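First comes the structure, then the notes that go with it.
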Amino acid sequence: MKIIVCISKVPDTTTKIAFTDNNTKFSANNVQFIVNPYDEWYALVRALELRDQLGGTVTIIHVGPAEHEAIIRKALAIGADDAVRVNTDPQGPVSVAASIAAYVKENPFDLVLAGRETIDYNGSTTAGLIAGLLDWPYISLATHLDITDSKAVCLREIEGGKEHIECALPVVIGAQKGMAEQRIPNMRGIMAARTKPIHVVEPSVHEAMTELVRFESPPAKGGCKFVDADNAEQLIELLHNEAKVI
Numbered sequence: 053m054k055i056i057v058c059i060s061k062v063p064d065t066t067t068k069i070a071f072t073d074n075n076t077k078f079s080a081n082n083v084q085f086i087v088n089p090y091d092e093w094y095a096l097v098r099a100l101e102l103r104d105q106l107g108g109t110v111t112i113i114h115v116g117p118a119e120h121e122a123i124i125r126k127a128l129a130i131g132a133d134d135a136v137r138v139n140t141d142p143q144g145p146v147s148v149a150a151s152i153a154a155y156v157k158e159n160p161f162d163l164v165l166a167g168r169e170t171i172d173y174n175g176s177t178t179a180g181l182i183a184g185l186l187d188w189p190y191i192s193l194a195t196h197l198d199i200t201d202s203k204a205v206c207l208r209e210i211e212g213g214k215e216h217i218e219c220a221l222p223v224v225i226g227a228q229k230g231m232a233e234q235r236i237p238n239m240r241g242i243m244a245a246r247t248k249p250i251h252v253v254e255p256s257v258h259e260a261m262t263e264l265v266r267f268e269s270p271p272a273k274g275g276c277k278f279v280d281a282d283n284a285e286q287l288i289e290l291l292h293n294e295a296k297v298i
């Protein structure tokens with residue numbers, strides 16, 4: 053069983069975000085970066101559980117420059133066997149997906165796992181794009197995964213309930229909460245990660261399909277207005293004329 057897990061580098065949730073160059077670039081000054089939690093806690097840990105159960109290997113793949121290798125080593129410390137770094141600065145989900153799909157085409161795997169989204173952009177697009185470029189099935193929002201008789205058996209959340217899906221391998225799966233429990237690297241894993249191989253490959257050539265125009269911070273929170281519970285007319289007037297939601 054060969055599994056590859058997509059790993060992203062994201063700012064810690066406690067980090068204060070700022071932008072530069074007329075709000076067209078994210079400022080990395082004084083930012084603490086971490087492994088994307090959806091990738092680490094759910095996709096990677098479930099991949100390791102499946103490897104321990106079924107045998108095989110777990111490979112990490114990350115799209116980013118050499119300075120991102122500390123994040124890769126953190127993921128290796130959790131228990132992955134090796135890692136691949138695509139040597140380019142990621143330029144959006146299409147760029148990331150194209151580079152990962154190109155590597156998987158040349159180095160076949162049975163299963164591609166990724167977090168449902170990254171906590172910085174919350175786009176939920178990269179895993180689906182990988183599946184489309186590979187022409188593989190894609191299961192998103194998966195909360196449970198087993199491999200039985202060369203099939204992926206998943207549960208995923210849908211409106212009003214859960215959906216049971218069975219799909220032949222190979223497949224791309226987007227993992228979310230419920231897939232696995234977080235693992236903390238131990239000292240043995242941290243020491244072993246120092247010598248595990250990171251294979252560096254060059255990115256695939258692809259046409260840019262998106263363009264970043266600018267970043268915008270959310271508007272500052274305004275003051276609260278309290279309306280008497282018996283004054284429905286005032287509430288309706290405020291919702292209509294000020295909040296403009298009705």
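Taking this note's numbering, the leading residue of the sequence shown gets 53, the next gets one more, and so forth. Ideal Cβ positions, reconstructed from N, Cα and C, are used throughout, including at glycine. These numbers come from a predicted model, not from an experiment.
| Asked | Found |
| --- | --- |
| Per-residue DSSP class, three states only, for Ala154 | helix |
| Phe85 vs Phe267 beta-carbon contact at 8 Å | no |
| Cβ-Cβ separation, Leu165 to Ala245 (assumed contact under 8 Å), whole Å | Rounded, the Cβ-Cβ distance is 19 Å, inconsistent with contact. |
| Per-residue burial, His292 [other beta carbons within 10 Å of its own, 16 or more giving buried] | exposed |
| At least three beta-carbon pairs within less than 8 Å, the region 146 to 153 to the region 196 to 214 | no |
| Length of the line joining the Cα atoms of Gly241 and Gly131 | 6 Å |
| Opening and closing residue of the beta strand (DSSP E) in which Val97 lies | Val97 -> not in any beta strand (DSSP E); alpha helix (DSSP H) instead, spanning 97 to 106. |
| Supposed contact pair Gly108 and Lys306 - C-beta distance, whole angstroms, cut 8 Å | Nothing can be reported for residue 306, as the shown portion of the chain is limited to 53 through 298. |
| Per DSSP, the bridge partner or partners of Tyr94 | Partner(s): none; Tyr94 has no beta bridge. |
| Close Cβ partners of Glu215 (< 6 Å) along its chain, the five nearest in sequence each way excluded | Arg208 |
| Coarse secondary structure for Ser79, derived from DSSP in three states | coil |
| Segment contact flag, the region 278 to 286 with the region 158 to 173, C-beta cutoff 8 Å, min 3 pairs | no |
| Ser147 in three-state terms, based on DSSP | helix |
| Cβ-Cβ distance between Ile191 and Cys206 below 8 Å | yes |
| Cα-Cα separation, Met243 to Ala129 | 8 Å |
| Cβ-based neighbour list, Ile288, same chain, cut-off 8 Å, excluding 5 preceding and 5 following | Ile298 |
| Closest Cα partner of Pro117 within the set Val87, Asn139, Arg125 | Asn139 |
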